[in-house]
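Contents: one structure, followed by commentary.
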Amino acid sequence: MKGIDIHIGEIASPLGRVRELRVGIGRVGSGTWDEPVGPTPCPSPTALRDWDRRLLARYRPFYLPLCDLCCLCTYGKCDLSGGKRGACGITLAAQQSRVALLAACIGTATHTSHARELVSHLIDRYGRQFPLDPGGLAVDLRMPIVELVCGLRPETLADLETVLEYCEGQVVHLLAATHTGQEADPIDFESKVLHAGMIDHVALEVADVAQVSALDFPKADPEAPLVDLGIGAIDREKPVVLVVGHNVPPAVAILDYLAAHGLEGAVEVTGICCTAIDMTRRSPSAKIVGPISWQLRYIRSGIPDLLVVDEQCVRADLFDEARDAGIPVIATSAKNCIGLPDRTKEPADALVEALSTGAVNGMLVLDPEKVGEVAVRAAIRRRPLRRVPPSLDIEAIASACGGCGRCIRACPTEADLPGAVQAAGRGEIAALGAMLASCVGCGRCEEVCPQGIEVHRLMAAACDDCEVYAVRTGRGAIQDVEIREVGGPIVLGEIPGVVAFVGCANYPDGGREVAEMVTEFAKRRFVVCTSGCSAMAAAMHRDEEGLTPYERFSGRFEAGGVVNVGSCVSNAHISGAAVKIASIFAKRRLRGNYAEVADYVYNRVGAVGVAWGAMSQKAAAIAAGFWRLGIPVVVGPHGAKYRRMLLGRQDCDEDWMVRDRRTDEEVYVGPVPEHLFIAAETKEEAMALIAKLAMRPNDTSRGRSIKLSHYIDLYRRCYGRMPDDLHRFVRTKADLPVIQKDELLPLLERNGWSERPIPDPTLLPEEAYQ
Amino acid sequence: MKGIDIHIGEIASPLGRVRELRVGIGRVGSGTWDEPVGPTPCPSPTALRDWDRRLLARYRPFYLPLCDLCCLCTYGKCDLSGGKRGACGITLAAQQSRVALLAACIGTATHTSHARELVSHLIDRYGRQFPLDPGGLAVDLRMPIVELVCGLRPETLADLETVLEYCEGQVVHLLAATHTGQEADPIDFESKVLHAGMIDHVALEVADVAQVSALDFPKADPEAPLVDLGIGAIDREKPVVLVVGHNVPPAVAILDYLAAHGLEGAVEVTGICCTAIDMTRRSPSAKIVGPISWQLRYIRSGIPDLLVVDEQCVRADLFDEARDAGIPVIATSAKNCIGLPDRTKEPADALVEALSTGAVNGMLVLDPEKVGEVAVRAAIRRRPLRRVPPSLDIEAIASACGGCGRCIRACPTEADLPGAVQAAGRGEIAALGAMLASCVGCGRCEEVCPQGIEVHRLMAAACDDCEVYAVRTGRGAIQDVEIREVGGPIVLGEIPGVVAFVGCANYPDGGREVAEMVTEFAKRRFVVCTSGCSAMAAAMHRDEEGLTPYERFSGRFEAGGVVNVGSCVSNAHISGAAVKIASIFAKRRLRGNYAEVADYVYNRVGAVGVAWGAMSQKAAAIAAGFWRLGIPVVVGPHGAKYRRMLLGRQDCDEDWMVRDRRTDEEVYVGPVPEHLFIAAETKEEAMALIAKLAMRPNDTSRGRSIKLSHYIDLYRRCYGRMPDDLHRFVRTKADLPVIQKDELLPLLERNGWSERPIPDPTLLPEEAYQ
Amino acid sequence: MSRTEPWQPAMQGGTVTAPALEKPGALAALVRRARRPLLVVGHRTLVTGGDGELAIDLLARAALKAGIPVAATGDAGPALAVRGVEPAICISAMNLANRLADPAWPGVDGQGPHDIVFVAGLSYALEWTLLSGLRHGAPHLVTVSLSPAYEPHASFSLPNLAWPAWRSLIAGAFGLEEAAP
Amino acid sequence: MSRTEPWQPAMQGGTVTAPALEKPGALAALVRRARRPLLVVGHRTLVTGGDGELAIDLLARAALKAGIPVAATGDAGPALAVRGVEPAICISAMNLANRLADPAWPGVDGQGPHDIVFVAGLSYALEWTLLSGLRHGAPHLVTVSLSPAYEPHASFSLPNLAWPAWRSLIAGAFGLEEAAP
Ligand code: SF4
Ligand code: SF4
Ligand code: SF4
Ligand code: SF4
Ligand code: SF4
Ligand code: SF4
Ligand code: SF4
Ligand code: SF4
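Residue numbers (our numbering), protein chains in the order written: chain A, 1 to 770; chain B, 1 to 770; chain C, 1 to 181; chain D, 1 to 181.
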């Protein structure tokens, strides 16, 4: 294959040079691979519509409009309430699905664009033929999602470009469907949402495999190092660089510059959000400050000497806050230029000078390598000029509070701010400081206070957050051998489930709840995965012995393991693990064989996603990618703002029929899993739901009895009584937890329960099987 | 080059077969082309940021929020009023720009996806090496926009895939920037809007050149045939097929099937929206019903025996309306599946049977060729079963009207419906029928009437619309020789301007106003272009001699010509003509040389776009493509709902300085053009604006005096007095219209006017020139 | 704070907004009118209160007095039980709402579809979205928000109320003797 | 039709809505208070009316009486002129609004920034968006909608009014003698 690029390079053609190079080579992988291609390699938006409609017939959207109006075109606004149609004829239900599709497209585009920039950058640095290696010898099936969806097996960075072209084309098709006067049917919109989600996981896998391979992150390593998390971990004496965002190349360039110039240890490199996680994958000496919610408080602390922002989940007022705190800013992404002058082409010396003398407050530098040098040098020169913010007279400021309540009414977490501020005004500041733990750091309270009280700033001042936590940095993929070991127990139900805590920080009550859930399910010997902000939140919790979950539990993908796969793009390894079970454990063909594998995962792999603080359009896309694989997702109460749930009706028996492949008969399997997407009101309710949603039709009796005992236990903890739906989950008496059998049988019988078979379940018609 | 595809075809590779084929060849054009590549081939979203910021410093966004709230993520809703920032830190201004970017992305995605499907389909049918030929011998510069933007010169259908990959990648990058926590700066958002618009015109050009080439549409033909428009043109005795949408392959397949089976003349093929225009480009025997606004009334007429819908601008309730009218539906687009069963793979006989017996109301068929056969055969079989809707007792129905006014309050055109309905209730139905002319056919009046009066249906029943109009079908590109002839007069200002009436049908007072404006400017010897719904609207107007503008004026791109370029995707030929002037007349290099050429067009080509009924996200993207080339766009009053205008301040002299390339000095040139995007309140105001916006710094005195005389004339017609800003447009006394000189000089002097030079104008720094 | 703007002012977006139940009598009339009522009690009834009394205390008494079956969401179930109200169902709010949207769903007790649903104590955003879902998805249902925060999407809502006003409105509407608990 | 819902009910989306000027006195007080007022008259004042009288007739008299300079938009200019009001400026509404948003703009007569702008007679959607633009872009300005359709984005708006009520409110506020025209 190597011949091709040369050949094309020689041809006089009208194509631009750079592009031509990319192209001629980007299309082909090397080596041979003779697995037959399944029915849907690189599926179009309609190729899997039949699978989607089967899922969506069970899990019908329940719409929760955030608005009666549509304002997408100049016919509007249209009032869609009361069954009215808009000027384009659309219904409110279709409109809600359309907005959900729009969100999913934005999320998928964000990951795809991120992956594209990452791959282009890595190709620039490491060459087109740089081999992909997400897991060394431990991983043979390198990119399960790409293989499943695209029918491709990329081997080099260049091969990933082919995959991304497919993703880009699909996003554009899907986005086009949101145009006025396109799709009319809500379920077809939802099917496109699922398609977007599937594409999203492809893009995620591309991004993470590329960076793990080229940047030498831990490769599927259960023993990925423990790293420091928390403001307290920062040595404030040193120059401090802060990197905020998701796209790691500038942060890596900073670390590499330090290493190349013998400056390791001389500069603190700190991060917020996924870039923080990813830079600790490059170098465990980097420090994680915290999730997205830490932006305001950390910048205002005045500790960072220089702020580097890349892309995604970056506060739009970061530049203003940094300027007010005297911190110069380097913007590094075409997606977030912040109006700053583009100085990419100027020499590094000039940029260092401008930033460190305060001649400018910020600049745009679109070359990560240059950012690496400039950030380090400027931070070192800024250090002596660091401006410690004056300490606040909390009591005096708080005493201006009139108790008007506007802050609580603006607060996403509905925290009782007026009470706490007024108490602080009376000198009792502890309560105010304590609220910081459940604060998402959005700043809305400050925007509305008629007294001009900067409530969040006051809370931060009232709270001494010098804690240091240990978090295991992102390990990347799951090893084939781990899959081999757990595949059986999971599919048989003997491991009670795989629970993945993923996504953002729009928590109802702080990260604490995520940490507690992680611990709970690890103790119950679920396989617990974490990623992104949730991975960080999970670390901010200690058990009786002062250990964080990462210190207490193993990092292996095993019962009772707590597996931080990495940043948001690492989520592909969680869906990838489910797919790998189908391949490695059950020997299903993956290549272009989506529906069959999704049907396998749906009916057999008891995985549940939990995005307790799901905030973003990316989170919406990630969730949709899990849904299409048949993996249910639980969100916190704010998740209802995604405008619709996908809910099953356990009370409608006809919804829960599957085909038994052994007998070709339709059989009742009970509502497993009961929902595909549901918002829970409280952590306790979420835990009962998670345990329930981990059940699958394929569970053996032994497995089901284990799952039922967790469900019963968590249900009782929440609701104080026995579940009223046990009869729907018990197929035979052997399904009953042994020690509860006597207690449960009468309950079942009261509900007219009788034994039923355990089938070889599928939602698909026979011809769909390869 | 031909060798390559064979070579790759032989290689065993992990890529899917179909994709591999596309890829191996799709990347390369044949032939040589040695024009040097300019500075920005295939520009990234930031490559032209400097140009954008120069434009946007003159034309600052004036925001018109449709909502104080943002509801894009689950932190929301956020209240951004009164200067408050959202939970992500965003301001209201940035939020408005973000929504504008979202709209532009949706529009660009729609055209890109449309182009992609078209090109894929045409490659399937005509082969990868099918040559591109948009204008035969008359067009040497085949794809000026692609050449300008991408630096590529595609020669075959396959070459277009390379261009589309670029477009898709850019749309995805831009869409990613709308994610929560990305771009923070409103002007950077606007710059991305301009980028989206530029990409949009690339996609438009790809789509139209592909279809013109492969489907043998008129090729840059000023004598493209006149075709029939209007319900009256339809022979209702014959079986009637209706095609609604924008993506022409199914319609072409219908026409081809008729031709192949000797059925021409036996079946009426009628169309609404752009597909209607495009099918008359294939066969002048096809009939155009009208623009988007005719969907409800025509379907309800019961005339069509079968309805084929493709994509874009299709009412979401079309299927329901068709079902109620007894008309079976074939959906043909992945983007609009309408929830119908996918029967693509079944034999045509079965589909014909199902549709013609009424066994089903509709189906999804994703193969245009099959649609062609099935639609014709089913329509023929349906014809005897056509259900003529019962005639309405208008008076009786209307007499139920209580005059509550809900209909007028729901009507986008604010038509006095209650008065007209109540008059009809008293037997005076003419007024009601007459209102149909200014009705956009949205149906919102019917949704709100508490009496259940279907107001639009009643209007249609009260109006006997059997008129037949002649419209010149889309001619496609502008010939090189036409450009050579008009390039000089346009650049010198002696042709007073190029006015393009484009886009949709959200008119304040019906298409009549578009028709009148077209006639007015053609009479004034502007070059008048039309496209899309506006091209159709322009035909629905007769002069004293009973001629439509297309019958009265020539179809040449010349002073006083009325040039229908075609459907919405043909808009690229309008921007393309401006670019061709820079190339063919002024010999500027195009290849990858965007900023220099845009600067040329902006300062020298007096073109103005008018989207009087601009409705869609596509229209937003098209407009943005014009803006980036420095071509101002006027919209009707509803255009304000695009959430921001781009307005110049003629009263701020410092805004109107340019660099004189001869002297390298900054000189004042007056506010030409004064705005980049502005909504006009009335047609008269729009006409005065158009005349004014056609002025350019480069106008010779002779040209400027011609332009001023049109401006003065149209201004006086609207405002009843002399313009108060003439002194800003008159550089020397020679600029004054000769016959008005004595009247005008005192006016100027009262404003402290003095003579000033006519520069060689540019907005760019010297180094930007090639 | 206006009594009838959304308690979170940004939570707007409806063209139809709930009439506010300003007087106990108006609420009492709705309770009387109900043939198949349901009271949904969420977890925030356990944190809302004053003077040592909680919202759930009053609502439990109200349910007993009026004989309305109760659905407990979040973790309100055990707290209701200790107050003498055995919930007819313990269920997550979204799951319940989805069933309520089905006009054929026979209700928490299988006795037939509910006609009026009283809701209290979800977090504001969750209650808001749930009521929006019912407004659009369950036009057959009358919804009444009993939370002390105005809910525009309900058929009827209490206005924004401080604890004492809320307490006296509920007590008055359900005829609870005013003995301090 | 409620007097203070947007005249087109779908045109919602603000958290702050204009107080309605229900009485002539309230409007008259605003007129009195203005130091640098401007009256914007759009083309729909030529189609709104009753009994042979048009809105523009009244507004022209009002402008003369109160001595307020007038900006004519759309094609209202000539119609104002024949009614004895020479517009201070003829300008498109968006262009005017953009200038008004500049606190330093010296006004239609160059005498200094306006403090209150009265607006009437644009089409509803255009007036609505323009007032939204001013609300957000010109916080220094008081805007008053004099159209007979309630405009939520104005600082103050007339309510939704039928012609006779509108006529008498304007006539009352500006002290126009009630002689039929
Ligand atoms: S997209 Fe449809 S519902 Fe939305 S504003 Fe436009 S016409 Fe109305
Ligand atoms: S910053 Fe914290 S306390 Fe303030 S509104 Fe946001 S979440 Fe609530
Ligand atoms: S908004 Fe300000 S004044 Fe009002 S309660 Fe909150 S902190 Fe106190
Ligand atoms: S959809 Fe959102 S932006 Fe549009 S009107 Fe509703 S709340 Fe406002
Ligand atoms: S995107 Fe920003 S402004 Fe919009 S809802 Fe989310 S946090 Fe609020
Ligand atoms: S259908 Fe016509 S009359 Fe009815 S609301 Fe729409 S534009 Fe107005
Ligand atoms: S909505 Fe119906 S009843 Fe009311 S004025 Fe219009 S046609 Fe008459
Ligand atoms: S001009 Fe506008 S409305 Fe008409 S068909 Fe094209 S996009 Fe649709």
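Beta carbons are placed, not taken as given, at the ideal position from N, Cα and C, and that holds for glycine.
Short Cβ contact (8 Å threshold) for residue i with residue j
i	j	result
A:Val-244	A:Val-309	yes
D:Gly-121	D:Arg-61	no
B:Ala-514	B:Ser-531	The sequence given here places Val at residue 514 of chain B; Ala does not occur at that position. Against a cut-off of 8 Å, the Cβ pair of B:Ser-531 and B:Val-514 comes out as no contact.
A:Val-371	A:Thr-413	no
Any non-hydrogen atom of ligand 6 closer than 7 Å to residue i Cβ
i	result
B:Leu-432	no
A:Thr-74	no
Cβ-heavy atom distance, residue i to ligand 7, below 7 Å
i	result
B:Gly-403	yes
B:Ile-453	yes
Nearest candidate by alpha-carbon position, reference residue i, set the options
i	options	result
B:Thr-548	B:Tyr-469, B:Leu-204 and B:Ala-768	B:Tyr-469
C:Ala-55	C:Ala-76, C:Ala-66 and C:Arg-36	C:Ala-76
A:Met-517	A:Phe-501, A:Tyr-507 and A:Leu-436	A:Phe-501
Proximity test, Cβ basis, 8 Å: residue i and chain A
i	result
D:Pro-9	yes
B:Ile-106	yes
B:Arg-444	yes
C:Ala-71	no
Contact test: residue i Cβ vs ligand 3 heavy atom, cutoff 7 Å
i	result
A:Cys-407	yes
Minimum Cβ-Cβ distance from residue i to chain D less than 8 Å
i	result
A:Asp-79	yes
C:Pro-181	Because the pLDDT at C:Pro-181 is just 44, under 50, the model does not fix this residue reliably, and the point stays unresolved.
C:Thr-15	yes
8 Å Cβ cutoff, residue i in contact with chain C
i	result
B:Leu-102	no
Residue-chain proximity (residue i, chain B), Cβ-Cβ < 8 Å
i	result
A:Gly-555	no
Below 7 Å between beta carbons is the criterion; list the residues of the stretch 141-165 of chain C that meet it against any residue of chain D, in chain order.
-> Listed in sequence order: no entries.
Using a Cβ cut-off of 8 Å, which residues of the stretch 88-116 of chain D contact any Cβ in chain B, in chain order?
-> Close to chain B, meaning a Cβ-Cβ distance shorter than 8 Å, are the following residues of the stretch 88-116 of chain D: Ile-89, Cys-90, Ser-92, Ala-93, Met-94, Asn-95, Ala-97, Asn-98, Arg-99, Ala-101, Asp-102 and Trp-105.
Residues, ordered as in the chain, of the stretch 582-599 of chain B that lie near chain D by beta-carbon distance below 7 Å | Within the stretch 582-599 of chain B, no residue has a Cβ lying closer than 7 Å to any Cβ of chain D.
Name, going along the chain, the residues of the stretch 61-88 of chain B whose beta-carbon falls closer than 8 Å to a beta-carbon of chain D.
-> Of all residues in the stretch 61-88 of chain B, Phe-62, Tyr-63, Leu-64, Pro-65, Leu-66, Cys-67, Asp-68, Leu-69, Asp-79, Ser-81, Gly-82 and Gly-83 have a Cβ within less than 8 Å of some Cβ in chain D.
Listed from N- to C-terminal order along the chain, which residues in the stretch 616-642 of chain B have their beta-carbon within a distance smaller than 8 Å of any beta-carbon of chain D?
-> Residues passing the 8 Å Cβ filter: Pro-637, His-638, Ala-640 and Lys-641.
Which residues, in order along the stretch 264-292 of chain B, keep a beta-carbon less than 9 Å from a beta-carbon of chain A?
-> Sequence-ordered contacts of the stretch 264-292 of chain B with chain A read Cys-273 and Ile-292 [C-beta pairs closer than 9 Å].
When Cβ atoms are compared, which residues of the stretch 44-57 of chain B fall closer than 8 Å to chain A?
-> Result list: Ser-44, Pro-45, Thr-46, Arg-49 and Asp-50.
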